[in-house]
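Numbering (the UniProt record's numbering), first residue to last: 1 to 295.
C-beta atoms are modelled at their ideal positions from N, C-alpha and C, and glycine is treated no differently.
The following block contains the structure:
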């Protein structure tokens with residue numbers, strides 16, 4: 001994505017204000033890797049300060065957290081999600097094309113020291129790659145107040161090319177390898193229908209399974225995505241996209257752009273499909289990779 005195609009910080013804030021004006025109260029900034037964005041702290045500070053925003057989350061690979069966790073906490077980020085598919089340094093270097101696992105582990109510690117609680121680790125289930133590490137990943141919850149969430153591999157083009165369709169394993173298959181898990185009820189008031197929660201005996205944290213393939217949660221999905229280049233996506237796996245009118249500068253037009261943004265959001269919500277098409281063997285992400293749409 002060319003830098004010139006990306007929304008400015010002001011445009012992004014205007015889009016968020018429009019969404020919050022329609023009832024959105026939980027925001028998540030994702031990527032790609034959002035911490036490489038030069039203005040990420042300013043963006044987070046402004047987003048967290050919007051009246052009506054109750055929670056601002058950020059998804060990261062964690063490698064820059066040793067230097068940024070404290071600042072993120074200071075500007076109003078509520079919670080962190082850290083993507084981590086393996087605890088093997090060599091496998092981590094391979095899947096990240098040169099990354100260092102030690103940086104992520106230092107990032108986890110920095111997040112803890114900076115006051116972040118209930119940090120979530122997202123691990124994609126990949127047969128033949130990390131299915132021998134399920135117990136080790138789950139064990140991270142024993143001594144720390146974190147959630148480790150296993151996510152079923154989705155047949156996006158990059159994943160199929162990298163691992164092959166035989167790499168898919170269901171959450172049920174993964175859970176069967178963790179026989180000591182204790183089922184937990186949904187928390188009152190929490191939108192947890194997309195994740196099944198468990199706990200290891202005497203563990204501080206929780207283990208979760210997210211099942212977009214074997215047991216999708218489309219019927220209860222209330223999410224929309226705004227891409228960095230100014231499109232509203234009603235579904236991660238649908239080719240449908242709705243273009244935001246740009247430049248989006250509410251101050252310059254007395255709020256008219258914010259109203260137009262609300263119209264685009266409502267149009268996208270009305271077009272939200274009943275379910276995704278991944279079971280139909282379609283590569284349906286509108287030609288984008290996951291890091292291009294926020295996965």
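Requested in this report: Check residue 208 in the structure and name its three-state DSSP category.
Outcome: Here residue 208 is taken as the residue at index 208 of the chain shown, counted from 1. Of the three classes helix, strand and coil, the one that applies to residue 208 here is strand, per DSSP.
Query raised in the report: From residue 21 to residue 197, what does the alpha carbon distance come to, in whole angstroms?
Result: Numbered from 1 along the chain shown, position 21 holds the residue referred to as residue 21. Numbered from 1 along the chain shown, position 197 holds the residue referred to as residue 197. Those two C-alpha atoms are separated by around 31 Å.
**Report entry** Length of the line joining the Cα atoms of residue 245 and residue 261
**Finding:** Along the chain shown, read from residue 1 onward, the residue named residue 245 stands at position 245. Along the chain shown, read from residue 1 onward, the residue named residue 261 stands at position 261. Distance between the alpha carbons of residue 245 and residue 261: 7 Å.
Report task. Hey, could you find the ends of the alpha helix (DSSP H) residue 27 is sitting in? Result -> The count along the chain shown starts at 1 and reaches residue 27 at position 27. It is not in any alpha helix (DSSP H) - residue 27 instead sits in the beta strand (DSSP E) that spans 26 to 29.
**Report entry** Residue interval of the beta strand (DSSP E) (run including residue 196)
**Finding:** Residue 196 sits at position 196 when you count from the first residue of the chain shown. Counting along the chain, the beta strand (DSSP E) containing residue 196 begins and ends at 195 to 199.
Requested in this report: Output the distance between the C-alpha atoms of residue 88 and residue 264, rounded to the nearest integer angstrom.
Outcome: Taking the first residue of the chain shown as 1, we reach residue 88 at position 88. Taking the first residue of the chain shown as 1, we reach residue 264 at position 264. Whole-angstrom Cα-Cα distance: 44 Å.
**Report entry** DSSP beta-bridge partners of residue 81
**Finding:** By one-based count along the chain shown, residue 81 stands at place 81. Bridge partners of residue 81: 59 and 120.
**Report entry** Separation of residue 209 from residue 192, as counted between CA atoms
**Finding:** Numbered from its first residue, the chain shown carries residue 192 at position 192. Numbered from its first residue, the chain shown carries residue 209 at position 209. Below a pLDDT of 50, predicted positions are generally treated as unreliable, and residue 192, at 49, falls in that range; the measurement from the model is reported next regardless. One C-alpha to the other measures close to 11 Å.
Report task. Work out the CA separation of residue 98 and residue 83 for me, nearest whole Å. Result -> Residue 83 sits at position 83 when you count from the first residue of the chain shown. Residue 98 sits at position 98 when you count from the first residue of the chain shown. Rounded to the nearest angstrom, the two C-alpha atoms are 15 Å apart.
Query raised in the report: Looking at residue 207 and residue 236, is the spacing between their C-beta atoms short of 8 Å?
Result: Taking the first residue of the chain shown as position 1, residue 236 is located at position 236. Taking the first residue of the chain shown as position 1, residue 207 is located at position 207. Contact flag unset, no.
Query raised in the report: Taking all protein chains shown into account, do 16 or more other C-beta atoms lie within 10 angstroms of the C-beta of residue 38, making it buried, or fewer, making it exposed?
Result: Within the chain shown, residue 38 is the residue found at index 38, counting from 1. Residue 38 comes out exposed.
Query raised in the report: Where does residue 129 land, buried or exposed, given buried means 16+ other C-beta within 10 angstroms?
Result: Here residue 129 refers to the residue found at position 129 of the chain shown. Classification for residue 129: buried.
Query raised in the report: Since residue 233 sits in a beta bridge, which residues does DSSP pair it with?
Result: Walking along the chain shown from the start, residue 233 turns up at place 233. Answer is 225.
Query raised in the report: Does the region 162 to 170 come within contact of the region 103 to 112, defined as at least 3 CB pairs closer than 8 Å?
Result: no
Query - Counted within 10 angstroms of its Cβ, other Cβ atoms place residue 222 as buried (16 or more) or exposed - result: Along the chain shown, one-based indexing puts residue 222 at 222. Residue 222 is exposed by the Cβ-count criterion.
Query - Assigned exposure category for residue 138 - 16 Cβ within 10 Å defines buried - result: One-based indexing of the chain shown puts residue 138 at position 138. Result: buried.
Query raised in the report: If residue 80 and residue 141 are in contact, beta carbons under 8 Å, what's the gap, nearest whole angstrom?
Result: On the chain shown, position 80 is the one that residue 80 refers to. On the chain shown, position 141 is the one that residue 141 refers to. Residue 80 to residue 141, Cβ: 15 Å. No contact.
Query raised in the report: So what does residue 125 bridge to, in DSSP terms?
Result: Counting from 1 along the chain shown, the entry for residue 125 is found at position 125. Beta-bridge pairing links residue 125 to 152.
Query raised in the report: Would you call residue 186 buried or exposed, if buried means 16 or more other Cβ atoms sit within 10 Å of its Cβ?
Result: Locating residue 186 in the chain shown gives position 186, counting from the first residue. Around the beta carbon of residue 186, a 10 Å sphere encloses fewer than 16 other beta carbons of the protein chains shown; the residue is thus reported as exposed.
Query raised in the report: What residues in its chain sit with their C-beta under 7 Å from that of residue 126, if we drop five residues either side in the sequence?
Result: Position 126 of the chain shown, counted from the first residue, corresponds to residue 126. Closer than 7 Å at Cβ, skipping near neighbours: 85, 153, 163 and 167.
**Report entry** N-terminal and C-terminal residue of the alpha helix (DSSP H) that residue 70 is part of
**Finding:** On the chain shown, residue 70 is found 70 positions in, with the first residue counted as 1. Residue 70 -> alpha helix (DSSP H) spans 65 to 74.
Query - Proximity winner among 106, 243 and 232, relative to residue 269 (alpha-carbon distances) - result: Counted from its first residue, the chain shown places residue 269 at position 269. With distances taken between Cα atoms, residue 269 lies closest to 232.
**Report entry** alpha helix (DSSP H) segment containing residue 42, residue limits
**Finding:** Your numbering for residue 42 matches position 42 in the chain shown. Per DSSP, residue 42 belongs to the alpha helix (DSSP H) from 40 to 48.
Query raised in the report: Anyone know if the C-beta pair for residue 17 and residue 40 falls short of 8 Å?
Result: Counting from 1 along the chain shown, the entry for residue 17 is found at position 17. Counting from 1 along the chain shown, the entry for residue 40 is found at position 40. Against a cut-off of 8 Å, the Cβ pair of residue 40 and residue 17 comes out as no contact.
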